[in-house]
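Q: Here the sequence shown is numbered in UniProt numbering, starting from 1 and rising by one per residue. Idealized CB from N, CA, C, for every residue including glycine.
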Amino acid sequence: MLIIGELINTSRKLIREAVEKKDGEYIKQVAKAQEEAGATYIDVNCGTCIETEVETMEWLVDNILQVTSLPLCIDSPNPLALQAGLKKAANGKLMINSITFETPRWNAVLPLVKEFNTKIIALCIDDGGMPKTNEDRIRIADSIITKLTGEGINIDDIYIDPLIKPVSAGQKNGIEVLQAIQNIMEGHPGVHTTCGLSNISYSLPARKVLNTLFMVQTMARGMDSYIMDPTNKEMRRALIASQTLLGQDRFSRKFIKAFREGLYD
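(1) Do GLY85 and VAL61 have their C-beta atoms within less than 8 Å of each other?
(2) Which value, in whole angstroms, describes the spacing of the CA atoms of ILE181 and THR193?
(3) Exposed or buried, GLN34, counting other C-beta atoms within 10 Å across all chains shown (16 or more means buried)?
(4) Do ILE200 and PRO166 count as a contact pair if the criterion is CB distance below 8 Å?
(5) Are the beta-carbon atoms of MET95 and ILE121 separated by less than 8 Å?
(6) What is the DSSP secondary structure of ALA220, counted as helix, strand or coil?
(7) According to DSSP, PHE259 sits in a beta bridge with which residue or residues?
(8) Just to check my reading of the structure: ASP43 and ILE3 have Cβ atoms closer than 8 Å, yes? What is that Cβ distance to the nearest angstrom?
(9) At what residue ranges does the region 40 to 116 contain a whole run of the alpha helix (DSSP H), taking only runs of 4 or more?
(10) For ALA169, report the span of its alpha helix (DSSP H) as first-last.
(11) Tell me whether MET235 sits in a helix, a strand or coil according to DSSP, three-state version.
(12) Pick from GLN171, ILE184 and ASN173: whose alpha carbon is nearest that of SER143?
(13) In its own chain, which residues sit with a C-beta less than 8 Å from the C-beta of LYS22, not counting the 5 before and 5 after it?
(14) Within 10 Å of its beta-carbon, does THR103 have 16 or more other beta-carbons around it, so buried, or fewer, so exposed?
(15) Since SER76 and ASN117 are thought to touch, with beta carbons under 8 Å apart, how far apart are those beta carbons, to the nearest angstrom?
(16) Can you have a look at THR218 and say buried or exposed, based on whether 16 or more other CB atoms are within 10 angstroms of its CB?
(17) If I measure Cβ to Cβ from THR149 and keep anything under 6 Å in the same chain, skipping five residues before and after, which residues do I get?
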């Protein structure tokens, strides 16, 4: 299970304030907390800093790498910021968040994937826009995987994001994503799927409950990566317990270790 820690994002108030004040110690604190909570990647996103995004990305990466050896997921709509972050980040196998099948984005990001030999999150969006049906998701995912592997990208480095829509906007939005995950994983052995979970509960009460239960449901369909807050104990409890029940925890060692460390107190 690959966990991408989502907390270093300037859309979050405390991170934005730390960037504005050049408070590197706070950024280091957040990075270290995510590592200690079990993140395997740390996402770095300063896309709200439109005028200074390249410089801010470099500053963030410099601070993060002072306290962690985890590889980074460089996250930006701006290819120049992606490139700047990738050049600065030298830890392990890097990841880019994200590419789409839209022609401009594809042409801008694919060369970076090749140059830096990264893992890549691929959103199910093409020149026609967001998927309107489950069939659209599967079609776009099939096209992206075929094209990326045809360009020499290892299928093990591809993470398809099927794009979650709120169940408040359509009662079948949840089940359609579950069906897409299963279809994508079964249709392309070796590929991965990932997502951010919070969209599923948008505009509804008790969002943490919905997010946690949807994570469990997606795991049962084969999803093997999440963009999430690894310091959220409720999510970690559910994730580790689900891994154990799904046969992904040899001799239940992860679950026992987490219990002994007090996670289930």
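A: Once the coordinates are examined:
(1) Cβ distance < 8 Å, so GLY85 and VAL61 count as in contact.
(2) 7 Å
(3) buried
(4) The answer is yes: Cβ separation under 8 Å.
(5) Going by C-beta atoms, MET95 is nearer than 8 Å to ILE121.
(6) helix
(7) Beta-bridge partners of PHE259 (DSSP): none assigned.
(8) Not a contact, Cβ separation roughly 10 Å.
(9) Counting only runs of 4 or more, we get 53 to 64, 79 to 88 and 103 to 116.
(10) Unbroken run through ALA169: none, as it is neither H nor E.
(11) helix
(12) Among GLN171, ILE184 and ASN173, the Cα nearest to that of SER143 is on ILE184.
(13) Close CB contacts of LYS22 within its chain, under the 8 Å cut and outside five residues either way in sequence, are with TRP59 (chain order).
(14) In this structure THR103 is exposed. Its beta-carbon is surrounded by fewer than 16 other beta-carbon atoms within 10 angstroms.
(15) Wrong, their Cβ atoms sit about 19 Å apart, outside the cutoff.
(16) buried
(17) ILE155
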